[in-house]
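Just so you know, we're using the working numbering here: the sequence shown kicks off at 878 and counts up by one.
Virtual Cβ for every residue (Gly too), placed ideally from N, Cα, C.
Single-structure report; data block below.
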Amino acid sequence: MHPDLVLISNLWQIDHQCDLLRAEHEALANAVRAADAAVKGVEAQLSAIAVQRDDATQRTRKNDRELADYVDKRDRTGKMIDTGTAPDYAAAVKQLAQVLEIVDRLETGALELMEAVEALEEARASAQRELESGKRALVVARTALATRDRPVRAELTELLESRPDAADDVPAEYQSAYAYQRQRKRPALVNTHEQMCQTCQTRIPGQRIVETTLARAVHTCPGCAGWLLP
Ligand SMILES: [Zn+2]
């Protein structure tokens, strides 16, 4: 390898390693945030279900009370008709018909409420299971972050301490090009295969490949401007 390329490569190893460590840390932190958000989401879902459940309970009570009243009314009216004690027979028959209709409606309402409560119970159980697995996932994510947090920081600190010397070693003529590659988040060094840049798939002039391989000169890819590795 050309000696200049070795110096560029030394700096790139440090920067690339720093990039990887930062990306690793960010991914671990993102996983914790995502798991936390998922848990909070399910908790909100459970609260909403509880509110709906309370509402259904109250409506059921009201429906049951009304139903009991109308069943009572139905029985009393029916008895009056049966025993011939109704003051106005025709009116009693008419009233009975109306009461029967209401009882029917309230019974249907009771069934619908029962089904609604059942569905809410199922939703609650499913959300509860989701909450439990979400909490487990959060613990796993937090543990993964906690395990890697200190080593990643230590490694980064060490790399960053060694960086100024490695940066100073890079000959001045490559400095701005290197900074530009970093700024554009492009790799400083690229591999070639059959005269193609493996980073951007641009064809590399044969001369550059030969001179790079023989360590006679330092060349870049015409596509992504990364320095060619032999
Ligand atoms: Zn390229």
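Limits of the alpha helix (DSSP H) - the one that residue i falls within
i: residue 1096; result: That residue, residue 1096, is in no alpha helix (DSSP H); it is neither H nor E in DSSP.
i: residue 893; result: 880-960
i: residue 1087; result: 1083-1090
i: residue 1059; result: 1049-1060
Residue i versus the options, residue with shortest Cα-Cα distance
i: residue 878; options: 1105, 1100, 1092; result: 1092
i: residue 1067; options: 919, 1079, 1018, 961; result: 1079
i: residue 1000; options: 913, 1023, 930; result: 930
i: residue 949; options: 911, 988, 973, 933; result: 973
i: residue 1002; options: 991, 952, 926, 1062; result: 926
i: residue 980; options: 941, 1013, 998, 992; result: 941
i: residue 1023; options: 904, 894, 966; result: 904
i: residue 1027; options: 893, 955, 899; result: 899
i: residue 880; options: 938, 1084, 1095; result: 1095
i: residue 1104; options: 1051, 1083, 1062; result: 1051
i: residue 938; options: 1072, 991, 922, 1074; result: 991
i: residue 896; options: 923, 1030, 921, 917; result: 1030
i: residue 1071; options: 1065, 1032, 1081; result: 1081
i: residue 1073; options: 956, 1064, 1085; result: 1085
i: residue 936; options: 986, 1020, 1063; result: 986
Anticipated Cβ contact below 8 Å, residue i with residue j, distance rounded
i: residue 1043; j: residue 882; result: In fact, because the Cβ distance is near 14 Å, the residues do not count as touching under 8 Å.
i: residue 943; j: residue 977; result: That pair is no contact at about 14 Å.
i: residue 1018; j: residue 909; result: 5 Å
i: residue 993; j: residue 933; result: 5 Å
i: residue 1060; j: residue 1069; result: That belief does not hold up - the Cβ atoms of residue 1060 and residue 1069 are roughly 23 Å apart, past 8 Å.
i: residue 1036; j: residue 894; result: 6 Å
i: residue 1058; j: residue 1065; result: 5 Å
Cutoff 6 Å; reference residue i; Cβ partners in own chain excluding five residues on either side
i: residue 1040; result: 891
i: residue 884; result: 1046, 1047
i: residue 988; result: none
i: residue 912; result: 1014, 1015, 1018
i: residue 958; result: 969
i: residue 923; result: 1004
Nonlocal neighbours in the same chain, by C-beta distance under 7 Å from residue i, ignoring five residues either side
i: residue 1077; result: 1098, 1100, 1101
i: residue 919; result: 1004, 1007, 1008, 1011
i: residue 1107; result: 878, 1089, 1090, 1092
i: residue 869; result: Outside the modelled stretch of the chain, which goes from 878 to 1107, sits residue 869, for which no answer is possible.
i: residue 947; result: 976, 979, 980, 983
Cβ-based neighbour list, residue i, same chain, cut-off 8 Å, excluding 5 preceding and 5 following
i: residue 1025; result: 901, 902, 905
i: residue 951; result: 973, 976, 977, 980
i: residue 954; result: 963, 969, 972, 973, 976
i: residue 1032; result: 894, 898
i: residue 1054; result: 1097, 1102
*At which residue ranges does the stretch 967-1024 contain complete beta strand (DSSP E) runs of 3 or more residues, listed in the order of the chain?*
DSSP runs (the beta strand (DSSP E)) wholly in the stretch 967-1024: none.
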